[in-house]
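Structure, as structure tokens:
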Amino acid sequence: MKDYLAGLNEPQREAVTHIDGPLMIIAGAGSGKTRVLTYRIAYLIEKGVDPFNILALTFTNKAAEEMRHRIEKVIGPEAKNLWMGTFHSVFSKILRFDGHKLGYTSNFTIYDTDDSKSLLRSIIKEMGLDDKAYKPNYVLNRISAAKNNLISWQMYNENPSFAAEDIAAQMPELGRIYKTYALRCFSANAMDFDDLLFNTNVLFRDHLDVLNKYQHKFRHVMVDEFQDTNISQYLITRKLAAVSQNICVVGDDAQSIYAFRGANIQNILNFKKDYPDLKVVKLEQNYRSTKNIVNAANSVIAKNKAQLEKNIFSDNEEGEKIEVIRAMSDNEEGRLIAHEIFEGRLRGLKNSDFAILYRTNAQSRAFEEALRKIDIPYRIIGGLSFYQRKEIKDILAYLRFTVNQQDEEAFKRIINTPKRGIGDTSVAKIIVLASEHQTSIWNIVSNIQFYMEGRTANAVAGFADLIKSYTVMMEEGKDAHTLAMHVAKTSGLLHELYMDKTVEGVARHENVQELLNSIRSFVDNDENEDKSLSSFLQTVSLLTTADEDDDGDAEKVTLMTIHGAKGLEFKHVFVVGLEENLFPSQMMLKSRDDLEEERRLFYVAITRAEKQLTLSYAQQRYTWGKLTYCEPSRFLEEIDSRYLRFGDKGIPQTFEPSFAPKKQATRPVVIGEPVKRASANALKPVQPPVQAHVPSADFEPSDTSKLKVGDKVEHQKFGFGEVKKLEAFSGSTKAHILFEREGEKTLLLSFAKLRIL
DNA sequence: CACGTGTCCATTTTT
DNA sequence: TGGACACGTG
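Residue 695 in our numbering sits at position 366 of the first sequence, with consecutive numbering throughout.
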């Protein structure tokens, strides 16, 4: 027996050594799942399976990379030949090879959520529909749900029950929108995230030769985080494994937290029906957490009805009880927790031993401020990702358009960025021309002299020449980095950022440099066999925030959403914002009415902790600029109180359910506040007319990044004033300035026409 | 056409 | 709170 098998417990070993036929591993939290998966692959290879014939689907690219490295340690460099990655990345590669059978070129663009929404917004506008009734977000979710259930736009429009639902939801045109959206994506040679899976299904359904090829290539299929797969993904794996029957799925129904994205817990509950001779292995021993934490988690999840029977236990020490903290406000919650981390470090813990987990990204602010104030380094995972920043998207849009001139969304982004005098009217005209002449936008743009003349036409022609020069370079076979570098310089984007000396301008310039660096390392990385721009772009659009080069080794406290924490563990975990309507989220309860999923989310959060767990909530919190009273989350009461201890921090604890004024959760009455808006306007005292300020003759705005509190300034329009306060927000700076005539104004520095006197 | 200003509105999680 | 959009002015 191999030595690595020696360290495994009985069920773990069973899972590792089961090679032929379907296998389902129910892996409880902290039960050594990754270890089992890694060893199983190593074992397969040692038993003579070629790594080329193994497909392992993971939830994030990072998880795949990590597993590949671990396997490499056991079996050596052969591990490189494994097919590993997320569903989206693996199947985008397959579509790159074989997508031409569906009418896509290998250079197809992958639309991210922003692209999809923007396209939907245009479609809704073009159809003359009210964009208040048809919210792009909702429409996209609906289309996405359809695709994830393999309902094409044709099927959607043929099925009267969908039409009935849409009419009931006051959106009778959804079917038409779906159709237009699908056709527009197709003619843009673009796929959205759901298309990658949907089209793979279509490819395997309609092109049996292709299916056959991959069925024989992937003799062994493994799926990690199986509880989070949707129907579309499940069908792909089932088809791939139909011949060999060698399918191994690993998951935990108690940790299914992506139902909102179409994940179907039935996949795991019904798996046995699809594979009658399925072997099921349960990994029930938790090696991660203390008894206390495991028991508390069990007491919570026991409230859920839909689940597979299992008994998660721990042989670790009893451990400390779970601390509950009540704070006055969100800011105090931040302070208390920052303080506790500080104390924890005095007891010998490192920054990286701590994680603060919250339900929504917006909650991070209070913790960031508190940690910064006492100089505790932290890193935030998630939130606005690097690749969603404007300056990055701009460069990427140029690259996308170079690779694929049908990419409508990229076109809209760059045609007038940086400003080259082609305004909205001209762009609209071009789009109209394209549809009048039944041709592509690029066709019009690249032959603009036949359609328009004058200043704008020249500008458009200049743009077309620019893109053509890029295309030529690409066809010469220049690698992604050379090309991107050239594009950044000659498009004017880099120059524009370089000229911008404001704080945020400098930061943006650095971001672009960082993007260029990352393209270079993509090109230099020998593991990427395809170094083309097109290949880089497809890789990049499937990166998640969890994949971004984290300073994993950095000595920092981790802040992230619970969703982002899946698969991770920390010595001391803080689960914060445990307030009714926030966690469980009222959004979730309203739209899907799925308390059980929220509870599983809570379960996931709890089970990230190894030694210590702290739960906290605030009595008051600012939401959307308004102060709201909060009640403690029902989840706090669902934990068996034997495992709890009320913190000595914050306000002394009791659980009287409500300390807030009765039934006015959202809006305390303010005495004297006018009731209606109209009367508010009527009551407004008449302002004495303010004389317009005539700027000094030589008005020349100064470098506002040097602005300090107390500076006397002149504004082009508001006149003279004094800086009262400077405030940082989302990467830039705001100034509160008291103007002599106008009173106090808040200005965004980058836009201020200011002169420092 | 570019820019500044005012108004409205939405706020969950992510491949 | 702040981002997206509509409108008016230069």
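Every residue, glycine too, gets a C-beta built ideally from N, C-alpha and C.
- Counting other Cβ atoms within 10 Å of its Cβ, Pro-380 reaches 16 or more and is therefore classed as buried.
- Within the stretch 814-885, the complete alpha helix (DSSP H) runs of at least 4 residues fall at 822-828, 832-853, 862-870.
- DSSP places Pro-961 in the strand class (E or B) of the three-state scheme.
- Residue state for Asn-488 is assigned as coil, using DSSP reduced to three classes.
- DSSP lists Ile-654 as the bridge partner or partners of Ser-945.
- Bounds of any beta strand (DSSP E) do not take in Met-456, whose DSSP letter is neither H nor E.
- In the DSSP annotation of this structure, the continuous segment of the beta strand (DSSP E) that includes Gly-580 starts and ends at 576-580.
- With respect to Ala-947, Glu-652 sits apart: the two C-beta atoms are not nearer than 8 Å.
- Counted as a single uninterrupted DSSP element, the beta strand (DSSP E) harbouring Val-610 occupies residues 608-612.
- Exclusion of the five residues before and after Asn-627 leaves Ile-641 as the residues of its chain whose Cβ lies within less than 7 Å of its Cβ.
- Under a 10 Å Cβ-count criterion, Val-572 is classified as exposed, with fewer than 16 other Cβ atoms of the shown protein chains found around its own Cβ.
- When the beta-carbon positions are compared, Val-378 and His-549 come within less than 8 Å of each other.
- Annotation: Phe-533 to His-892 spans about 31 Å, alpha carbon to alpha carbon.
- Inside the stretch 685-719, DSSP marks whole beta strand (DSSP E) runs of 3 or more residues at positions 707-709, from first to last along the chain.
- Asn-615 is positioned such that its CB atom lies closer than 8 Å to that of Gly-359.
- Taken in chain order, the complete alpha helix (DSSP H) segments of 4 or more residues contained in the stretch 887-937 are 915-920, 924-935.
- His-536 sits in coil when the DSSP states are folded into three classes, being neither helix nor strand.
- Looking only at Val-610, Pro-605, His-536, Asp-459, the smallest Cα-Cα distance to Gln-341 is reached by Val-610.
- In the displayed model, Val-572 falls within coil according to three-state DSSP, outside both helix and strand.
- The straight-line gap separating the alpha-carbon atoms of Ile-480 and Ala-813 is approximately 38 Å.
- DSSP, read as helix, strand or coil, puts Ser-643 in strand.
- By the Cβ test, the stretch 365-374 is in contact with the stretch 388-408, since at least three Cβ pairs between them sit closer than 8 Å.
- Restricting attention to Pro-706, Leu-607, Glu-698, the CA atom closest to the CA of Gly-350 is found in Leu-607.
- Met-396: member of the alpha helix (DSSP H) spanning 390-404, first to last residue.
- Here Trp-953 is exposed: its Cβ has fewer than 16 other Cβ atoms, across all protein chains shown, within 10 Å.
- Excluding the 5 residues flanking it on each side, Gln-574 has same chain C-beta neighbours closer than 7 Å at Gly-350, Pro-351, in chain order.
- In this structure, Glu-833 lies away from Ile-586, with their beta-carbon atoms at least 8 Å apart.
- Around the C-beta of Ser-861, 16 or more other C-beta atoms lie within 10 Å, and the residue is accordingly described as buried.
- Within the stretch 503-570, the complete beta strand (DSSP E) runs of at least 3 residues fall at 519-521, 549-552.
- His-810 carries a helical assignment under DSSP once its states are collapsed to helix, strand and coil.
- Taking the CA atoms as reference points, Leu-924 sits about 8 Å from Met-917.
- Taken through DSSP and simplified to helix, strand or coil, Thr-731 comes out as helix.
- Less than 8 Å divides the Cβ of Ala-625 from the Cβ of Tyr-972.
- As DSSP reads the structure, Asn-615 sits in a beta bridge with Ser-643.
- Residue environment: Gly-580 is assigned as buried (16 or more neighbouring CB atoms within 10 Å of its CB, all protein chains considered).
- A straight-line Cα-Cα distance of about 21 Å links Pro-501 and Asn-477.
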